[in-house]
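In what follows, a single structure is set out as structure tokens and then discussed.
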Amino acid sequence: MLNFHLETKDIIKITGQRFYKRGLDYFKKGRVKNLTYNSSIQSFSASIKGGDAYDVRIFFFEDDDLEASCTCPAYLTHYTCKHIAAVLLAIRQHQQPDQQLATVDSEPIDPFPMRMIEAFQSLEPLVNEKELLEVHYFLKEVHQSMSRESQFELELKVGKAQPFIVKDIHTFIHDVLNNKEHTITDKFKYNPSSDTFTNRDWHIFQLLNKAMQHDQQYLSDYLTQKQRVQAIPGFLMAELLRSIESQTLTFTNVAQKSFSTIECHNLDQGIEVTIDYSDEGVYVIDFSSLFAYHYLTHYHLLVKHNQFYVLTDQESETLERLYDLLPYRKRDQFKLSRDKFSHFRSFVIPKLEEVATVTYSTRALHSFEINALEVIMNIELIGESVSLDLTFKYGEHIFHPNEDVSHSDQTYVRNIKEEQSLLQTLNHLGFHYLNQRYQLFKQSAIYHFIIELIPIFKERYTVHLSQPVEDMINDDDLQFFTSVNYNDDSGMLDIAFDIEGINDDEVSDILAALIEKKRYHHVKEGRLIDLNDDAFEQFKKFAEQLHLKKQDLAAQGVSVSPHRTLQVEEVFEERKQYSDSFKLLLNDLKLNTHDPEPLPKELQATLRDYQHTGFQWFKTLARYRLGGILADEMGLGKTLQAIAFMLSEKALDDSRPSLVISPSSLVYNWKKEFEKFAPTLTVKVISGTQTQRLEQLNSEKVDVWITSYPLLRKDISFYQTHLLDHFILDEAQAIKNHLTLTAKATRLIKAKYRFALSGTPIENRVEELWSIFQTLSPGFLGSKKQFIHLERDLMKKMIRPFILRRLKTDVLKDLPEKFEFEKYAELTKEQKQVYLGYVKRIEQKLTQPGNENNKLEILAGLTRLRQICCHPKLFLDNYQGHSGKLELFMTILKQLQEENRRVLIFSQFPSMLKIITQEIESLNLNHFYLDGQTPSKERVEMSERFNQGERDLFLISLKAGGTGLNLTGADTVILFDLWWNPAVEAQAAGRAHRIGQTKKVEVIRLITEGTIEEKIFKLQEKKRKLVDDVIAPGETLLTSLTKEELQSLLAFDPK
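Residues 803 to 1857, numbered by the working numbering, are exactly what the sequence shown covers, in order.
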């Protein structure tokens, strides 16, 4: 049996819910009979016993598809039914192993030929099965009282030996097409089981059904007015005529004359228009043949007696214009004077020949002369205008525009249509007819005429040009040359242009005309240059991309920023010359092939290969006074690369300070990184009150200032009056909105070099990138409106040298399996007040005699200080301030989310994890949570779900989750607070960095600058070797602290 598995949802999908429910009822009641499977054609057949008996056939295909049919009326309308649903349920039941199904034995064969046999057998007439009924059609043309047009209506007679009038044609058509009985008279009823019609009749019934649907939509009252007739809409008339032409019919026209047949023709025979020339010297046009027909606009028909001419759209348009004149016609013939005949011959006869045969009498043919039109133009320059002398020549006869020839005895058949078309063209071009000549005054119109129209006229007409006009038309190919040089003194690209055959002093004027998008330029030597010439395409493209203005031009060229280097190379592909300095710049930006710059000796770090590449990228751009965005993924050391660059530049010139701007939460992290990697640089964090900040900015010589975005806004009046060496924007997405005060402030800063750091330079929209570059390289990407309309591919090419982005997957070979780094936060103002208050309280305990007895109380106080570093709310319910570390954490977390990182977050304080939970839930981030209250089974289940990819964050209590968990689904570990015991931290990091981990793992420690946390971290580093050698080293470290060490821990040193 066929291996085809049916499920309930499959059957519902095939039959629909309503038919499925009814089919299920039939199936349960056992109404499916004689279910048989034919393996040769892979089909099932069955009969259904209900109110009537119906046959169902279902074919299965090899692609798990099926096709079903049923003989019931519902199938004709819906192409599915309850009977099909019942049989499918029966088939599904017989697919069970213990069910047997009757089969038709046959050899396995291709089912397609068998289905062809079955399909075409169904087309054979069924002898004596159904009786063919007679249909008599009555087509009537009915005059419409509210219109000049007629309307066609159809009535039916249906029966056997004696057809009967169908009294309600609409109900009849509906019943017949839906396989229903219909009573026509008391003597005759249509029965679909015993009566049928010819295929042509069925087709006509379908057309009438379309007409009924049309009436229901547009003529809702018509059906109730005339039940015996069906009006035929225009769009169906042609098809209906051709269908009933061979049927039994009676046609009654609008004159009440009846015909037993109709004829359908195309309009290619039978209609004639004759033209004669009378003794009176006038032409006689005879339309009697054409006017014997009447034209029906709505139906696109021409009708005469029982002859119907089906018209094309063009034929119908011509006849509609002609028949619109019928109310003004007094006879079928009319006369035309000799002077009007040329117009009639030019405009009317070509149209008449589309719908009729036009014949001339012998006298008419001898009355006029036909010659081809020759147009002669004499064109010259008179002052600042163009003068055109125009004549029309037919054989030996010459005519001038607007010439009166009514006095002539000879009729000349002129091509009035062509003459008027030319005159209309001249009028459209702006010519004025003055003193029997056409004259053109407007300069732009003159240029257009000379360049565009004269070549076309020379191909069609006889054209004579004066010498000044000839001089303006020069067919020599233009050659446009470009030379590019990088000017090291100005730091700009100097681009010069030359046009072969054009004086140098004219080149700038041509370039200006190109920028202003003029169409032509007239040089002093007389030549008129077409600025649409292909030779100028490169410059026009360049000017458009750079949004050049006329005032940007210098003598024969333009100077642009080296940011445009790759654009210049791409645009000017032909006839170009590069200086050596430009070639070097080009190679440096594309391949970074310049001799590598040495790393500064003072740098206290070993750069990985990709970081060394980043350092060289900084140096290359700075060499050409360019800026850019270092967009490495988080954790790859953007800060270190920037510090190495600034340290190198300070060795060259330390006369001016540099400025680093970062989010408030990262200011002290920058300070720590400078102290760690570049201790020789003097670094100053700008913070405090306005007075304090100004004192800091005006203090002794400083190499680097570090400030935050909020404080930059407040101090911008100072920065904009001082020239800086370097200007670094960290987390530059902070200025993604160019309308913010922060973004505006950064654009006011004056600096020799400008760079930005951001792992996510585009967070939501590409316009954010424009805002950053508007600070780094103002105008490089044009205005915002221009940038939005910039082609994406062009934008990528423009910015490619100025954005350096590496992902961890790109530099895996350079990364350790696990790498750790610290991020420093600053206490907020409210936090600092609480912290210093508790420091004072503990110091008092230390100074009391016998402080050894107070050690536990002192240690408890130290824990309070660590909690304050996390968030004072951990034990102070009424605390209303913020936490610097929490702000730093959220900044980092958002970056990690944008990079699709999966993160473990550890804290030794479950209450801190609760606060973090509130923050991340406000961002609608899903996470897992585990602390000491989590049951063991649930711990394992959450770990497995996390490793399988569910959710990206896992909050874990350090003590509860530091051991026994395998969380290799993570690639990042954040240690929110430090533990006395570094081994516990190592165990926490080991949750992600385990056997089976396929990614590099980052461990980020959050440390509050100048507090007990920083002191603990330094103490751990100092004694790490000892820590590694003892059991529970952290606890031993804590309990063995001396009084001096405790006092050192308490010292608040934010530096």
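In this text, a Cβ means the ideal position worked out from N, Cα and C, and glycines have one as well.
Run through DSSP, which three-state label would residue i get?
i: residue 1048; result: coil
i: residue 1267; result: strand
i: residue 1430; result: strand
i: residue 1303; result: coil
i: residue 1777; result: strand
i: residue 1066; result: strand
i: residue 870; result: strand
i: residue 882; result: coil
i: residue 1436; result: coil
i: residue 1704; result: coil
i: residue 1402; result: coil
i: residue 968; result: coil
i: residue 1202; result: coil
i: residue 1849; result: helix
i: residue 1180; result: strand
i: residue 1548; result: helix
i: residue 1320; result: coil
Taking just the CA atoms, how far does residue j sit from residue i?
i: residue 1443; j: residue 1642; result: 40 angstroms
i: residue 1058; j: residue 1144; result: 43 angstroms
i: residue 1551; j: residue 1695; result: 30 angstroms
i: residue 966; j: residue 989; result: 9 angstroms
i: residue 1324; j: residue 1100; result: 57 angstroms
i: residue 1855; j: residue 1493; result: 21 angstroms
i: residue 959; j: residue 987; result: 11 angstroms
i: residue 1433; j: residue 1232; result: 59 angstroms
i: residue 874; j: residue 1110; result: 41 angstroms
i: residue 1227; j: residue 1307; result: 37 angstroms
i: residue 1665; j: residue 1293; result: 58 angstroms
Given a cut-off of 8 angstroms on the beta-carbon distance, is the pair residue i and residue j in contact?
i: residue 1527; j: residue 1545; result: no
i: residue 1819; j: residue 1780; result: yes
i: residue 1530; j: residue 1462; result: yes
i: residue 1136; j: residue 1087; result: yes
i: residue 1358; j: residue 1299; result: yes
i: residue 1192; j: residue 1240; result: yes
i: residue 1429; j: residue 1338; result: no
i: residue 1671; j: residue 1814; result: yes
i: residue 1388; j: residue 1408; result: no
i: residue 1329; j: residue 1274; result: yes
i: residue 998; j: residue 935; result: yes
i: residue 1487; j: residue 1508; result: yes
i: residue 817; j: residue 887; result: yes
i: residue 1310; j: residue 1355; result: yes
Does the beta-carbon of residue i have 16 or more other beta-carbons within 10 angstroms, so that it is buried, or is it exposed?
i: residue 1837; result: The pLDDT assigned to residue 1837 is 44, lower than 50, so where the model puts this residue is not dependable; a value taken from the coordinates is nonetheless given after this. Label assigned to residue 1837: exposed.
i: residue 1532; result: buried
i: residue 1402; result: buried
i: residue 974; result: buried
i: residue 1787; result: buried
i: residue 1060; result: exposed
i: residue 744; result: Here the chain comprises residues numbered 803 to 1857, so residue 744 is not present and cannot be evaluated.
i: residue 1230; result: exposed
i: residue 1120; result: buried
i: residue 1258; result: exposed
i: residue 1217; result: buried
i: residue 1775; result: buried
i: residue 1559; result: buried
Spell out the partners DSSP gives residue i in its beta bridges.
i: residue 857; result: 849
i: residue 1054; result: 942 and 1060
i: residue 1287; result: 1296
i: residue 1507; result: 1461 and 1486
i: residue 1109; result: 1065 and 1106
i: residue 808; result: Answer is none; residue 808 lacks a bridge partner.
i: residue 1421; result: Residue 1421 pairs with nothing; no bridge assigned.
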